[in-house]
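Before any comments, here is the structure.
Here it is in C-alpha cells:
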C-alpha cells in the first residue's frame, strides 16, 4: 500500500489505524492536528480541515534539496477539494472564496516552529469577493494586509519592524489613534504598501495565486523544523530529531468581524497554582495574533459570560468535556465569529511544579484519574523545584530579556550575588566565583554563593560534588571570555565586571544579568507532593507489580542515595531514601589522614607502612560507625578507597623543583641538609613509579589491595569494625562493602578470601556476628562481560554507570565537554553524553547481559546502579527494565528518583 501523507479531520479513524493506536496518532498528525481531529468526533465545534503528516515532513528532508515527496502535493490538493465540499466554498474563487490557515504541530511541543500563517487564499480578487459577501470591507482588507504582513515575516523572512513602521506612518498621516479607527479604504491602501514592501525586501512579489501561497506556507512549516531555534530547543530538551512536524490546513473562522466576535486563550485550571478555575483572557473583535501581541488590553475570561453570554456558556461545557476526554488540564484557543463558538486548538497545558502536583491529586479526588495515572502525570523534573533553592517560573519569565549567557544544565540550585574573579575575593565577599576551570579542591567553595565556569560539564566530578553540597553553578559556557586580570567576563559583546550582580540558574544553565529572588526549598507544607510520593512508593514496592526479568524480584526498584557525609545522609533520609547505595570512603577522610596514606605508600619498610595504615583504619572505623549509626537499619553500601594512588602523593613536578633547587645549592657548595636531599630523591623515585598519564584507568581501587595486602586487610577491618561499633550502641546496621574497580574474577576471589579472614577475626575479638555482604563494583567493561565469574565471589554487583560509560566510550567526563561533546550534540552524533544517561544500545547491552549471567551463577544476586547517573530518569527506566533491585542517586535527587522509579514500573505494566 502506498504511503499516505494527508488525512482530513473526519478521517481520524483511518489515521488511528495507520498509527497503530489512538495513543500513537499524535506521532503522525502532531498534537494539534490529532487533537482537533479527535475532538471533532465528540461534537466539539472545530473548523473543517486536514493534516499533512509528520511522515511527509520526514520524506521532505530525504529529497535533495528538501522538497515535497512524490504524491504529497496531489494528496493536499485532493484534501483541499474535499474541504471545499465540506464548507461550500471554493479556494481562490472570485465569488465565494475559501480562506484557510496553516498551523505547525509536532508530536511534542517544540519552540522555534513556524507560528500559524493566517488568511491564506486572500488576494486582490478574493478580497473583493469576500467584501461583497460580508458587507464588511474593513474586516476583509484588514485581514488581507495581515496576511501579507504574516506571510512576509514568517515565510519571506522580512523584519517585522518594516511592516509596523508603515502601519504607524499611515495612522500618523490619517490621525488614527487606534487600528480600529482605520477605514476600509485606508486598509486597502496599506495592502498596496505591504505588497511593495514584500517585493522590495525579499525580491519576491507576494503571490496572488492562492495555491502558491499555501504551497510555500507548508514548505516554510517543514523548513522551520530545522530552524536554529527549533534545533537548539530539541537539544536542550533531549527531543529526538524524528518524528518531525505536521502541518494542518484549517478553514478560517474570524474573531474580528464585530463586537459579537472575539478570540480567546484559556487554561481550564490555573497553571500557576493548580486551582480548579479558568485562567486566561479574550479580546473582542480581534484575531489570535492580536491577543498574543496584546495590541490592546484583553479582558479576563471571567468577563466572558457578561460580554457574549451564549457562546460563553457553551465554552464552559466544552472545556469540562475536553478535560474529561483528555484527563488533563487543557490549554484552549478559541474564536467566536458572530456569536458562534469555534475551538481552534486544545493541548495539555504547561504548568508550574506546584500546579502539576496539585492538579494530579485533585483529579484523583474528582475521579478523573486513578492513583497510577496521577503518578504518571507529574513531570519528574518539576520535583526539583521543591527540594532546592530555585527561581519560580514567573521570576524567570520576568527576566527573559536579562539572559546574559547559557551553559550546560546541571540541576544545581539557583543563586544570586556579585561576581569575583579570585577565590579569595569571592570568599571574603560571599560572592559568585568566575573562573575558566574549577580545581578539584571543591570543599573550599562551600561558602560561596555560586560558581561560573567556561569549562566543565554536567557529570564533572567537581560539578557533582558542588551539587552535593548545594552550591549553584553554571558550567560549560561555550565562548564565554573570562579575563581574570581585567576582572571581566564577556559573552556576545556584553561585558560584566567585578562586583556586578548576576543570578545563576543551575537547573537550566542560565546566567541572568539581574538580581533575582531565590525561593527556598520546603517540604513542610507540601501535602500534595507527599501524597503523590506516597502513592508512588506504594506502587513501586507492591509485590507482584513487576514481572520478573533476568531473575529479578517482582517489586519495583528500591531508591537509595549516594552520600559522602553525615549531613548528606540526613538529607537523603529526610527525602525518603531506603538505603545508601554508595558511600565513598575517600570522601570521609580529612587532610591529616590523607597524609597517613601518603606515608604508607612511601614507607621504606612494612612496619612503617602498617603503622600508617593502622591510623587510617582507626579513623575509617569511627567515620563509618557514625554513618552506620545515623542510617539505622537501612542498607549502607560502603566503597573501599578508590582514587588513583597519585591522588595521595605529593605533586611530582613541585617536588622535582624543590629537589633541583637543593641539589643546585649543594653543587655550589652551599650549606644544605644532605639527609633531606637524599630523602627527596628517594621519594621522587617512588612517586615516579606511580605517576600515570591517564589516572582514570591506572593504579586504583582493588589494585591497591592486591599491591598492598595489609592495606586491604585494614580497609576491610575498618568498615567491619565500624559496623560493630554502631551495633554496640544499639543500632542494627546492614553493611555492604563494595570492592572498587574490579576487572578480573581472580581479583574478587582474592578480596573474598581476605574479607572472610578479617571478618572472622573481628567477630571473634568483639564477640558479635553481623550479616555483612561483599560485592564488586562494575565500572570496567571486562567486569561486565565476566559478571558470571565475578558473581561466584560476590553477594551483590554495584554498577557505576558513569564510570562504566567512560571506560567503554574512552571518554573523560572532565575533558569531553570542553573539547568535542558540544560538536557531537550539534551534529546529532550524540543527543546525550553517555556519562549522563545510559547508552542503552551499547552500555545497556553490557549491563543487561551482566545482570542475567550474574544471576545464573547466583540466584537472587542483588544488582543495582549508583553514581550520579543513578538519578537520570531514562537510566532509572532502563534499570527497571533489566531487573535491577535498586538505583542510587545524589541526596537531592531522592524525591525525583522515587517518582521516576514508580513511573518506570507503571510504564511497563500499564
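Numbering (the UniProt record's numbering), first residue to last: 1 to 910.
For each residue, glycine too, the CB sits at the ideal point set by N, CA and C.
Restricting attention to 65, 650, 173 and 130, the CA atom closest to the CA of residue 94 is found in 130. DSSP, reduced to helix, strand and coil, places residue 836 outside both helices and strands of the structure shown, so it counts as coil. Using a 10 angstroms sphere on the CB of residue 517, the tally of other CB atoms stays under 16, which defines it as exposed. Counting every other CB atom within 10 Å of its CB across the protein chains shown gives residue 651 a total below 16, marking it as exposed. A straight line joining the alpha-carbon of residue 37 with that of residue 90 spans about 22 Å. Here DSSP, grouped into helix, strand and coil, assigns residue 81 to helix. Within the region 516-594, complete beta strand (DSSP E) segments of at least 3 residues are found at 558-563 and 580-584, given in chain order. Nearest Cα to residue 649 within the set 688, 614, 804 and 679: 688.
Ranked by Cα distance from residue 165, the first of 87, 193 and 34 is 193. Measuring C-alpha to C-alpha distances from residue 655 to each of 757, 643, 641 and 686 identifies 686 as the nearest. Taken through DSSP and simplified to helix, strand or coil, residue 194 comes out as helix. Excluding the 5 residues flanking it on each side, residue 551 has same chain C-beta neighbours closer than 6 Å at 855, in chain order. Under a 10 Å Cβ-count criterion, residue 382 is classified as buried, with 16 or more other Cβ atoms of the shown protein chains found around its own Cβ. Around the CB of residue 653, fewer than 16 other CB atoms lie within 10 Å, so the residue is classed as exposed. Just measuring C-alpha positions, the residue of 629, 359, 224 and 524 sitting nearest residue 102 is 224. If the five residues before and after residue 83 are omitted, its C-beta is found closer than 6 Å to the C-beta atoms of 48, all from its own chain and listed in chain order. Taking the Cα of residue 620 as reference, the smallest distance to any Cα among 605, 736, 230 and 714 is reached at 714. One alpha carbon belongs to residue 607, the other to residue 596, and they sit about 14 Å apart. At the C-beta level, residue 797 and residue 767 stay beyond 9 Å of one another.
Within a 10 Å sphere around the beta-carbon of residue 668 sit fewer than 16 other beta-carbons, which makes this residue exposed.
In the three-state DSSP reduction, residue 486 falls in the coil class, being neither helix nor strand. Taken in chain order, the whole alpha helix (DSSP H) runs of length 4 or more contained in the region 216-304 are 228-237 and 288-293. Counted as a single uninterrupted DSSP element, the stretch harbouring residue 325 is not any beta strand (DSSP E) but the alpha helix (DSSP H) occupying residues 309-326.
Taking 8 Å as the upper bound for CB-CB distance, residue 583 and residue 636 are in contact here, some 6 Å apart. Residue state for residue 885 is assigned as coil, using DSSP reduced to three classes. Straight across, the Cα-Cα distance linking residue 179 with residue 495 is about 40 Å.
With 16 or more other Cβ atoms inside 10 Å of its own Cβ, residue 734 counts as buried. Rounded to the nearest whole angstrom, the CA to CA distance from residue 486 to residue 801 is 42 Å. Looking at the backbone, the Cα of residue 32 and that of residue 23 are separated by about 14 Å. At least 9 Å separates the beta-carbon of residue 127 from that of residue 108.
In this structure, 298 is the residue among 273, 298, 267 and 274 with its C-alpha nearest to the C-alpha of residue 282. Buried is the label assigned to residue 390, since at least 16 other Cβ atoms lie within 10 Å of its Cβ. For residue 141, the uninterrupted alpha helix (DSSP H) run begins and ends at 137-154, by DSSP. Residue range 635-639 is occupied by the beta strand (DSSP E) that includes residue 637.
Where residue 752 is concerned, the enclosing alpha helix (DSSP H) starts and stops at 745-766. With a cut-off of 8 Å on Cβ pairs, the region 400-411 is not in contact with the region 365-378, counting fewer than three such pairs.
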